[in-house]
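Trainee:
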Amino acid sequence: MKEKKLLLDVYDRPPALKWLVFSLQHVFAMFGATILVPMLVNAGAGEEVLSIPVTLFTSGLGTLIYIICTKGKSPVYLGSSFAFITPMVVGFASAGKAGVFTAIVVVGLIYVLFAVLIKFIGKEWINKLLPPIIIGPMIMIIGLSLAPSALQQIGLLENQEFIWQNAVVALITFSVTVGINVYAKGFLKVIPF
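Heads up: the sequence shown is residues 746 to 938, going by the numbering used here.
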C-alpha cells in the first residue's frame, strides 16, 4: 500500500490563509469538544461530576506542557476525550466522584508512561500493535456511542418532544459533512469537518 505524503512537514509553515483556516478549525474543534465532554458526563450522571472551567484549565495546561516537551514540533491540543464519557458515567454511579477522579489520574499516568516509552523506543511498535484496521472500528464505536445523545437532543427518543429546529440543524450538519467528504478536492478534503 502506497504511503500518503503529508500536506505539511514538521517544520513547514502553511500560507497565511491555510494557517487561518487550520487555526479556526482547531479552536472550534477544541472548544466544542472540551466543553461537550463534561456536559455529557454531567448529564449522564445527573449531577455535576466534571467542571467545565477546570476542564478548560487542565487541558490548556496539558497542552502547554506537551508543546514544551515536543519543542513545538507537533501543534496538538490535548483536550477531553469522548472515549471516556461512558466509563466516567458508570464509574460515578459505582464509585462516586472520587472514583472518577482517581481513574482520570491513572489514565493520565498511563499517558505519560506511553509518552516515555515512545520517546525511548519509538512508535513503530504501536503501528504494529494497533494498525488502522483496529483504530478505524474503535473510532466508529466511539462515534456510535454518541448517537443516543444526538437522538435525545433532536427529540427522537421515547417520551420526548420532537424539536424540529434541532432536527434541521442535524440534517444540515450531516449533509454538509457527507457532501464535503464525498465531493471536496484538494485543501477542502484535508479539513476534517
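The C-beta atom is built at its ideal place from N, Cα and C for all residues, glycine as well.
Ignore the nearest five residues each way along the sequence and tell me which others in serine 796's own chain have a CB closer than 8 angstroms to its CB.
Mentor: Cβ within range, chain order: Pro783.
Trainee: Looking at the unbroken alpha helix (DSSP H) that takes in glycine 777, where does it start and where does it end?
Mentor: Residues 761-790.
Trainee: Give me the Cα-Cα distance between threonine 847 and alanine 929, rounded to the nearest whole angstrom.
Mentor: Roughly 44 angstroms between the two C-alpha positions.
Trainee: Would you call phenylalanine 837 buried or exposed, if buried means 16 or more other Cβ atoms sit within 10 Å of its Cβ?
Mentor: Buried, by the Cβ-count rule.
Trainee: Determine the extent of the alpha helix (DSSP H) in which tryptophan 847 is found, giving its start and end residues.
Mentor: As written in the sequence, residue 847 is threonine, which differs from the tryptophan given in the question. From DSSP, the alpha helix (DSSP H) with threonine 847 extends over 830-866.
Trainee: Is DSSP giving glutamate 869 helix, strand or coil here?
Mentor: Three-state DSSP puts glutamate 869 in a helix.
Trainee: Could you pull out every residue in the same chain whose Cβ sits closer than 7 angstroms to the Cβ of isoleucine 887, ignoring the five residues on either side in sequence?
Mentor: The residues are Phe827, Ala828.
Trainee: Smallest Cα separation from valine 834: which of Leu862, Ala860, Ala790?
Mentor: With distances taken between Cα atoms, valine 834 lies closest to Ala790.
Trainee: Do the segment 886-904 and the segment 860-871 meet, that is, are 3 or more Cβ pairs less than 8 angstroms apart?
Mentor: Counting Cβ pairs under 8 angstroms, fewer than three are found: no touch.
Trainee: What's the gap between the Cα of methionine 767 and the Cα of lysine 818?
Mentor: Contrary to the premise, residue 767 reads as phenylalanine rather than methionine in this sequence. Cα to Cα, the separation comes out at about 16 angstroms.
Trainee: Quick one: is valine 927 buried, meaning 16 or more other Cβ sit within 10 Å of its Cβ, or exposed?
Mentor: When all chains shown are included, valine 927 counts as exposed.
Trainee: Would you mind sorting glycine 824 into buried or exposed? The rule is 16 or more other CB atoms within 10 Å of its CB.
Mentor: The residue in question, glycine 824, is buried, as its Cβ has 16 or more Cβ neighbours within 10 Å.
Trainee: Taking the alpha helix (DSSP H) that asparagine 926 belongs to, which residues open and close that run?
Mentor: 909-928 is the extent of the alpha helix (DSSP H) around asparagine 926.
Trainee: When the Cα of isoleucine 863 is compared with those of Thr815, Val786, Leu753, Asn904, which residue comes out closest?
Mentor: Considering only alpha carbons, the answer is Thr815.
Trainee: Near valine 845, what residues of its chain come up, given a Cβ to Cβ distance below 7 angstroms and the 5 sequence neighbours on each side ignored?
Mentor: Within the same chain, valine 845 has close Cβ partners Val794, Met833, Gly836, Phe837.
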